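A short worksheet on the structure shown next.
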Amino acid sequence: MELFSPEWFVALLQIIIIDLVLAGDNAIVIGMAARNVPKHRQKFVIIVGTFGAVAIRALATIAVVWLLKIPGLRGIGGLILVYIAYKLLVEEKKREIAAKNSVLAAIGTIMFADIAMGLDNVLAIGGAAHGDYLLVVIGLLVSIPIVVWGSTLVMKLMDRFPALLYVGSGVLAYTAAKMIVEEPFVKPWFANPVVHYSFMGLIVLGVLLVGHLVKAAKARQQRDDGDNHPSAATAASDKP
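Residue numbers (full-length UniProt numbering): 1 to 240.
Listed below in structure tokens is the structure:
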């Protein structure tokens with residue numbers, strides 16, 4: 001992939017969208033971890049914790065990019081990413097984390113939480129980068145302002161406009177499909193462009209359709225549970 005070619009810019013756009021979608025909860029984690037630190041030290045905790053987390057994530061992503069060059073691992077990574085794209089649509093993320101009183105404990109919590117929450121991000125960016133380490137660096141540089149300033153806004157937008165979640169999931173599914181068809185063991189099967197792009201389209205549409213159906217079923221189940229379990233106050237008012 002040539003530098004600044006159309007394919008390069010498409011990959012960069014993929015990485016930015018992946019960062020926007022998958023880094024959304026990190027700003028909330030940072031705020032929760034730092035909220036009990038003295039106010040005059042909170043900014044320091046947030047900056048140091050975030051840059052430390054990004055540095056660790058950079059090393060992890062570079063390692064993933066290298067590992068994905070090993071035959072077999074790119075296909076496995078693609079299959080895992082298909083599940084991550086599906087999970088993004090159907091699962092509610094937990095946003096609770098314990099606040100820490102000391103500066104070092106808060107910084108450590110931010111870095112640990114980012115590692116735990118950022119594994120999907122690392123795999124997705126590693127797959128989208130196609131072995132280009134410059135793309136990884138640029139993607140991570142973009143992720144810093146996203147995590148520090150933009151994540152909460154992105155989350156609010158996704159809550160207000162659910163279609164954005166489908167866009168993010170679709171980008172992840174596309175990245176996953178591309179990783180699978182580029183796996184050396186199966187690449188000859190997709191030499192025909194019709195088979196190649198049909199398979200990628202089926203993966204993307206399949207993830208979005210199944211995710212939508214499961215999400216809708218869960219919403220119906222929650223509504224039914226609410227209808228079948230009236231509040232205690234309502235039940236009490238029915239008593240003589």
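Beta carbons: idealized from backbone N, C-alpha and C, even for Gly. Treat the numbers as computed from the prediction; the structure is a model and nothing was measured.
Among the options, the one whose alpha carbon lies nearest that of residue i
{"i": "T61", "options": "A53, I125, S198", "result": "I125"}
{"i": "L13", "options": "L202, V171, D225", "result": "V171"}
{"i": "Y133", "options": "P188, L68, L165", "result": "L68"}
{"i": "V103", "options": "A85, F44, V195, L209", "result": "F44"}
{"i": "V210", "options": "A11, F161, K87", "result": "K87"}
{"i": "L81", "options": "I46, G49, V122", "result": "V122"}
{"i": "A63", "options": "G131, V142, P162", "result": "G131"}
{"i": "V167", "options": "D19, W8, V48", "result": "D19"}
{"i": "A11", "options": "L89, W66, A129", "result": "A129"}
{"i": "A173", "options": "F51, I15, L208", "result": "L208"}
{"i": "V214", "options": "P162, A163, V186, L89", "result": "L89"}
{"i": "V48", "options": "T109, F9, A163", "result": "T109"}
{"i": "H212", "options": "I46, F9, I15, A85", "result": "A85"}
Unbroken alpha helix (DSSP H) run spanning residue i, endpoints
{"i": "G168", "result": "163 to 181"}
{"i": "G77", "result": "73 to 90"}
{"i": "H130", "result": "Premise fails: H130 is in no alpha helix (DSSP H) and is neither H nor E."}
{"i": "V64", "result": "39 to 67"}
Buried/exposed call for residue i, threshold 16 Cβ in 10 Å
{"i": "Y83", "result": "exposed"}
{"i": "A53", "result": "buried"}
{"i": "N192", "result": "exposed"}
{"i": "I70", "result": "exposed"}
{"i": "R223", "result": "exposed"}
{"i": "V65", "result": "buried"}
{"i": "A163", "result": "exposed"}
Residue i versus residue j - alpha carbon distance
{"i": "S5", "j": "P38", "result": "48 Å"}
{"i": "V136", "j": "A58", "result": "8 Å"}
{"i": "L79", "j": "R41", "result": "43 Å"}
{"i": "D225", "j": "A217", "result": "12 Å"}
{"i": "L3", "j": "L141", "result": "17 Å"}
{"i": "G206", "j": "I17", "result": "20 Å"}
{"i": "S237", "j": "L165", "result": "Any reading at S237 must be qualified, since the residue scores a pLDDT of 49, below 50, and its modelled position is unreliable; the value itself is stated next. Rounded to whole angstroms, S237 to L165 spans 41 Å at the Cα level."}
{"i": "I107", "j": "E91", "result": "28 Å"}
{"i": "A105", "j": "I138", "result": "29 Å"}
{"i": "residue 283", "j": "Q221", "result": "Beyond the ends of the chain as shown, which are 1 and 240, falls residue 283; an answer cannot be given."}
{"i": "H196", "j": "I56", "result": "35 Å"}
{"i": "P188", "j": "V194", "result": "13 Å"}
{"i": "F51", "j": "I15", "result": "19 Å"}
{"i": "A219", "j": "I46", "result": "36 Å"}
{"i": "S169", "j": "R160", "result": "16 Å"}
{"i": "T234", "j": "G127", "result": "Caution is warranted here: a pLDDT of 49 is assigned to T234, below 50, making its placement in the model unreliable, and no coordinate value can be reported."}
{"i": "V186", "j": "F9", "result": "26 Å"}
Any non-hydrogen atom of the ligand SAH closer than 6 Å to residue i Cβ
{"i": "L13", "result": "In terms of ligand content, the structure shown is empty, and the ligand SAH therefore cannot be addressed."}
*Say whether the segment 62 to 79 touches the segment 168 to 187, bearing in mind that this needs 3 or more beta-carbon pairs closer than 8 Å, one atom from each stretch.*
Short answer: they touch.
*Does the segment 193 to 207 come within contact of the segment 160 to 179, defined as at least 3 CB pairs closer than 8 Å?*
yes
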